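Chains as they are written, first to last, in UniProt numbering: chain A, 1 to 116; chain B, 1 to 116. Below is one structure, written out as structure tokens; comments come after it.
Number of protein chains: 2
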Amino acid sequence: MTTQGVRDDLLAHDALELRAKLFRGLGDPSRLAILDALVSDECSVQEVVGHTGLGQPNVSNNLRCLLDCGLVSRRSEGRFVRYRLADRRVAELIRAADRLLASTATGLGDCERYTE
Amino acid sequence: MTTQGVRDDLLAHDALELRAKLFRGLGDPSRLAILDALVSDECSVQEVVGHTGLGQPNVSNNLRCLLDCGLVSRRSEGRFVRYRLADRRVAELIRAADRLLASTATGLGDCERYTE
DNA sequence: CTGACGTATCAGTGGATAATGATATGACGA
DNA sequence: TCGTCATATCATTATCCACTGATACGTCAG
């Protein structure tokens, strides 16, 4: 094993970081709950709060995060702001994860490295 | 808005947690680097260490995590242990993430909620 | 204009967790 | 058997980050 492999991967380091960041963005129950609410419908912040049971600042913070990441889009309507998924690929990625959970990623609940 | 929506989502709470856990599992640069090494080939721990530049205990810890989660499988061979992706769906999920990054999730680098 | 409502922002804090160093375990060769 | 190599485990530490409460901003109704 030369050090070549190492150097190659270090070059791809930024790509890995970006991937990781995307997955971490999706790796939060609050954000997933918000996305889940938006899968069905375009929603105002209050509606998301109602669907998820999360606090309003929490929802707003996370929506901003999702917006910055490009996963949702927003649209002002009077004093309401309505959010929706930016792209159906977002929902597709979540479905792909569900398929993985159903098939091979069984026992994920048992992994004790991080909390369920 | 009734409380019905809230109750429904609370019922699905465990599913959300599980999704989140899977994404968090993939949301770590070290684990992604490890998976990246395994995409090409079955690898021993040392080979993964070489590919990624990570420390050996770090790699072992994360491989155990990935194994528990069912994302990789292992096979003993003398004093070596060879790991591989458990399923091609794992690689597919990562590719789906890359597609999202290329198309709609632009600006993820600018999201300041968490570090890049 | 004023009060109520919807949303956004921000600092503080507690909890989670990734990486490391030390060490243990197990297998091979001499 | 002894030393070496490959891997695993574990406690510690330092960091990161999600949530909350307080508050600000903007919009509409009366």
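Glycine included, each C-beta is placed from N, C-alpha and C at the ideal position. Quantities reported herein were computed from a predicted structural model and do not represent experimental measurements.
Where residue i falls, given that 16 or more other Cβ within 10 Å makes a residue buried
i	result
Tyr114 of chain B	exposed
Asp36 of chain A	buried
Phe23 of chain A	buried
Thr106 of chain B	exposed
His13 of chain A	exposed
Ala33 of chain B	buried
Ala102 of chain B	exposed
Gly27 of chain A	buried
Leu18 of chain B	buried
Pro57 of chain B	exposed
Glu116 of chain B	exposed
Arg89 of chain A	buried
Arg31 of chain A	buried
Glu47 of chain B	buried
Same chain, Cβ closer than 6 Å to residue i, neighbours up to 5 away in sequence not counted
i	result
residue 118 of chain A	Residue 118 of chain A is absent from the structure shown; chain A starts at 1 and stops at 116.
Gly50 of chain B	none
Leu11 of chain A	In this prediction, Leu11 of chain A has a pLDDT of 48, which is less than 50 and means its spatial position is unreliable; nothing more can be read from the coordinates.
Gly55 of chain B	none
Phe80 of chain A	Ser44
Within chain A, partners of residue i - CB distance below 8 Å
i	result
Cys111 of chain B	Lys21, Gly25, Cys65, Asp68 and Cys69
Gly107 of chain B	Asp68, Cys69 and Gly70
Ala97 of chain B	Arg19, Leu22, Phe23 and Leu93
Cross-chain neighbours of residue i in chain A, by beta carbon under 7 Å
i	result
Leu16 of chain B	Pro29, Leu32, Ala33 and Asp36
Leu41 of chain B	Checking the sequence shown, residue 41 of chain B turns out to be Asp, not Leu. None at all; the shortest Cβ gap to chain A is about 11 Å.
Glu116 of chain B	Glu17 and Lys21
Residues bridged to residue i [DSSP beta-bridge criterion]
i	result
Arg82 of chain B	B:Ser44 and B:Arg75
Partners in chain B for residue i, counting only beta-carbon separations shorter than 7 Å
i	result
Cys74 of chain A	The question names Cys, yet the displayed sequence has Arg at residue 74 of chain A. Those do not exist, as Arg74 of chain A stays about 14 Å from chain B at its closest Cβ, beyond 7 Å.
residue 162 of chain A	For chain A, the structure presents residues 1 to 116; residue 162 of chain A sits outside this window and is missing.
Cβ-based neighbour list, residue i, same chain, cut-off 7 Å, excluding 5 preceding and 5 following
i	result
Leu67 of chain A	Arg74
Arg7 of chain B	Only weak support exists for where Arg7 of chain B lies, its pLDDT of 47 falling under 50; the coordinates are left without a value.
Val39 of chain A	Leu85 and Ala91
Neighbouring residues, chain B, relative to residue i (Cβ below 9 Å)
i	result
Val90 of chain A	Leu100, Thr104 and Ala105
Same chain only: Cβ atoms within 8 Å of residue i, ignoring 5 sequence neighbours per side
i	result
Ser60 of chain B	Val45
Of all the alpha helix (DSSP H) runs that stay within the bounds of the stretch 14-74 of chain A, which reach a length of 4 or more residues?
Taking only runs of at least 4 residues, the alpha helix (DSSP H) segments lying wholly in the stretch 14-74 of chain A are 29-40, 45-52 and 56-69.
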